[in-house]
Amino acid sequence: MVFCFIEVALSYIHHDFEDEPDYQKFIGKNRAILIRSINSICNTSEHLSVAIRIGFDYADYCFQPVNIQNLLLFESLVSYWQIIEKHLRLLLKPLESFNQRKLLSSTDELCFCQRGQALIEKLLSINNDNNLEFLAYSLRLLPYLHVFTRG
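Have a look at this one:
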């Protein structure tokens, strides 16, 4: 399973997505592999930055207008971030930031904190009375992003 994730992650990193449908096709095809293997990947910090980057890109994908009503995407997004947060909680002491443990490069740390805070702001600004399930998934995602407020 770890090999599948590494293969998919390397493909993701080295692939230059020409357009949005190309990216959507990649996420749709590999979403199950990414979610099933994230737990194994996060056991070592070697691929942690790739897993986090994919998590943020997956969140961007879920928030696109065409996907915003797809609750299965949001359910899997919450599951993905729940696993990442669990591993980060094991790796970091309370109130400890990434740079104290050197888990990520300085560039990744800054980028992830900025993206995490932007995603938190987006989640806090959601007020969708038409779809309370979507609002519920958005609120469930918030606690898993708290580590990105430490940067």
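This note's numbering puts the first residue of the sequence shown at -11, with every later residue one more than the last.
For every residue, glycine included, the Cβ atom is placed at its ideal position computed from N, Cα and C.
Bear in mind the structure is a predicted one, so any value in this text is a computation, not a measurement.
Between residue i and residue j, how many whole angstroms is the CB-CB distance? I'm expecting something under 8 Å.
i	j	result
residue 122	residue 44	So it is not a contact: roughly 19 Å between Cβ atoms.
residue 57	residue 119	7 Å
residue 76	residue -4	Not quite, the Cβ-Cβ distance comes to about 21 Å (not below 8 Å), so this is no contact.
residue 105	residue 137	6 Å
residue 47	residue 107	6 Å
For residue i, does the three-state DSSP call read helix, strand or coil?
i	result
residue 51	coil
residue 94	helix
residue 56	coil
residue 113	coil
residue 119	coil
In the DSSP assignment, find the unbroken alpha helix (DSSP H) run with residue i in it and report its ends.
i	result
residue 62	59 to 79
Count the other CB atoms, across all protein chains shown, that sit within 10 Å of the CB of residue i; report buried if there are 16 or more and exposed otherwise.
i	result
residue 16	exposed
residue 129	buried
residue 54	exposed
residue 112	exposed
residue 97	buried
residue 22	buried
residue 126	buried
To which residues of the same chain is residue i closer than 7 Å at the C-beta, ignoring the five residues directly before and after it?
i	result
residue 70	132
By Cβ distance, which residues of its chain are closer than 8 Å to residue i, with the 5 residues on each side in sequence left out?
i	result
residue 67	23
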